[in-house]
Amino acid sequence: MKASQRRSRNTIKGVLDSSKYGVKMRRKLASLCNVIYKAVAKALANRLKGVVGEDRWIARPTTFKGVSSPVLPPGTKLSQHYVRERDGGFVCLIVENAGWYKVNTDAAISNDGIKMGFGIIILNSNGVVMASSVQSLNSRFPHQMAEAMAIFKGLQFAVETGLVPCVMESDAQVVINHLNSVVAPLSDVGLIIQDIFSFCEKSLSCFFNFVPRNGNMVAHYLAKLGLSSWIDNFWMEECPPCVILDVMRDCSRLD
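Each residue of the sequence shown is one higher than the one before, counting from 1 in the UniProt record's numbering.
Shown next, in the form of structure tokens:
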């Protein structure tokens, strides 16, 4: 960081922290900083939309009958399934194109808040399990940050196994909305979301879709399993025996 940038940052921080400036002055400066941040983020997002090609792109929100979904590359087909449950119903998206994969992720936090578990399940366009993972991390993070980390880990796993392009599904609606807005929020979770944007731009074609908890149960159970695991586990073309029945049930719902 240049000396002028350090002085500028220190000056703003000094005004916000200094007691000699009035509350109104500090609020106005904080509001101005927020406006500048949003303007810069929007400009970067517009620039990104212009430079990303058809096969390397980040999702942009549009309407898909009640589901937040992106503008898809030419030739990509989606089918919409309404799955009935005893407690209601939910809509899920199925990519019909061969060569596309669906990655479901979820995060769980232990009761004492000192450990996080991450669950990842990857299916192909026929609903066959291609890969799965159970991971854990000993650290304290808010729930939204944990969900964003689960999505990032899911992207990493998909790229490392070559299971791309992909549809990322999560039951963390706030995080998915941020990802579809292509603008990282001014918060801690925004740092992880920005990493996801950078990863997508460089590595793969993907888009992000919200799915309710009852449509994300396999990833949820895997995340719970991560709380009792001390090492990261990875499976190719299979999943832990404890979730096989749930995978089969989810596939049978879409027949």
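We put the CB at the ideal spot given by N, CA and C, even for glycine.
Among all the DSSP beta bridges, which residues are the ones paired with Ile122? To locate residue 122, count along the sequence shown from 1; it is residue 122. According to DSSP, Ile122 bridges with Val103 and Ala131.
Taking three-plus beta-carbon pairs below 8 angstroms as touching, is the region 208-225 in contact with the region 106-117? yes
Between the Cα of Gly162 and the Cα atoms of Val211, Ala148, Ala131 and Ile192, which residue gives the shortest distance? Here residue 162 refers to the residue found at position 162 of the sequence shown. Of Val211, Ala148, Ala131 and Ile192, the residue nearest in Cα terms is Ala131.
Leaving out five residues on either side along the sequence, give the residues of the same chain with a beta carbon under 6 angstroms from the beta carbon of Cys166. Numbered from 1 along the sequence shown, position 166 holds the residue referred to as residue 166. Contacts found: Tyr101, Val103, Ala158 and Cys206.
Any idea what DSSP makes of Val164, helix, strand or coil? Position 164 of the sequence shown, counting from 1, holds the residue named residue 164. In this structure, Val164 counts as coil in the three-state DSSP scheme.
Quick one: give me the first and last residue of the alpha helix (DSSP H) that Asn177 is part of. Translated into the one-based positions of the sequence shown, residue 177 becomes position 177. Asn177 -> alpha helix (DSSP H) spans Gln173 to Ser181.
So, does the region 123-140 touch the region 173-180, judging by three or more C-beta pairs under 8 angstroms? no
By how many angstroms is the C-alpha of Asn126 removed from the C-alpha of Ala59? Position 59 of the sequence shown, counted from the start, is the residue given in the question as residue 59. Position 126 of the sequence shown, counted from the start, is the residue given in the question as residue 126. Note that Ala59 scores 35 on pLDDT, short of 50, meaning its location in the model is unreliable and no value can be drawn from it.
Own chain residues within Cβ distance below 6 angstroms of Asn199, not counting five before or after: Numbered from 1 along the sequence shown, position 199 holds the residue referred to as residue 199. Reading off the sequence, residue 199 comes out as Phe, not Asn. Closer than 6 angstroms at Cβ, skipping near neighbours: Leu155.
Classification of Pro185 by the beta-carbon crowding that lies within 10 angstroms, buried from 16 upward: Counting from one through the sequence shown, the residue named residue 185 turns up at place 185. So Pro185 counts as buried.
Through-space distance from Leu29 to Leu222, alpha-carbon basis: Along the sequence shown, one-based indexing puts residue 222 at 222. Along the sequence shown, one-based indexing puts residue 29 at 29. Straight-line Cα distance between these residues: approximately 45 angstroms.
For Ile231, which option in Gly119, Asn180 and Val128 has the closest C-alpha, if you only look at C-alpha atoms? By one-based count along the sequence shown, residue 231 stands at place 231. When each option's Cα is compared against that of Ile231, the closest is Gly119.
Taking the alpha-carbon positions, what's the Ile244 to Lys115 distance? If you number the sequence shown from 1, residue 244 lands on position 244. If you number the sequence shown from 1, residue 115 lands on position 115. So the alpha carbons of these two residues sit roughly 25 angstroms apart.
From Val129, Pro142 and Gly99, pick the residue whose C-alpha is nearest to that of Gly113; which is it? Residue numbering aside, residue 113 sits at position 113 when the sequence shown is read from its first letter. Considering only alpha carbons, the answer is Pro142.
Length of the line joining the Cα atoms of Leu123 and Val129: Within the sequence shown, the letter at position 123 stands for residue 123. Within the sequence shown, the letter at position 129 stands for residue 129. Cα-Cα distance, rounded: 5 angstroms.
Integer Cβ distance of Arg152 from Ile196, believed to fall under 8 angstroms: On the sequence shown, residue 152 is found 152 positions in, with the first residue counted as 1. On the sequence shown, residue 196 is found 196 positions in, with the first residue counted as 1. Per the sequence presented here, residue 152 reads as Phe, with Arg not at that position. Confirmed, Cβ separation roughly 5 angstroms.
Leaving aside the five residues before and after Ala146 along the sequence, list all residues of the same chain whose C-beta is less than 7 angstroms from its C-beta, in chain order. Position 146 of the sequence shown holds residue 146. Counting only Cβ-Cβ distances below 7 angstroms, and skipping sequence neighbours, we find Ala107, Ile109 and Met116.
Could you tell me the distance, in whole angstroms, from the CA atom of Arg84 to the CA atom of Arg249? Within the sequence shown, the letter at position 84 stands for residue 84. Within the sequence shown, the letter at position 249 stands for residue 249. Any reading at Arg84 must be qualified, since the residue scores a pLDDT of 38, below 50, and its modelled position is unreliable; the value itself is stated next. The alpha-carbon atoms of Arg84 and Arg249 are separated by roughly 13 angstroms.
Would you list the residues sitting across from Trp230 in a DSSP beta bridge? Here residue 230 refers to the residue found at position 230 of the sequence shown. Paired residue(s): none; Trp230 is not in a bridge.
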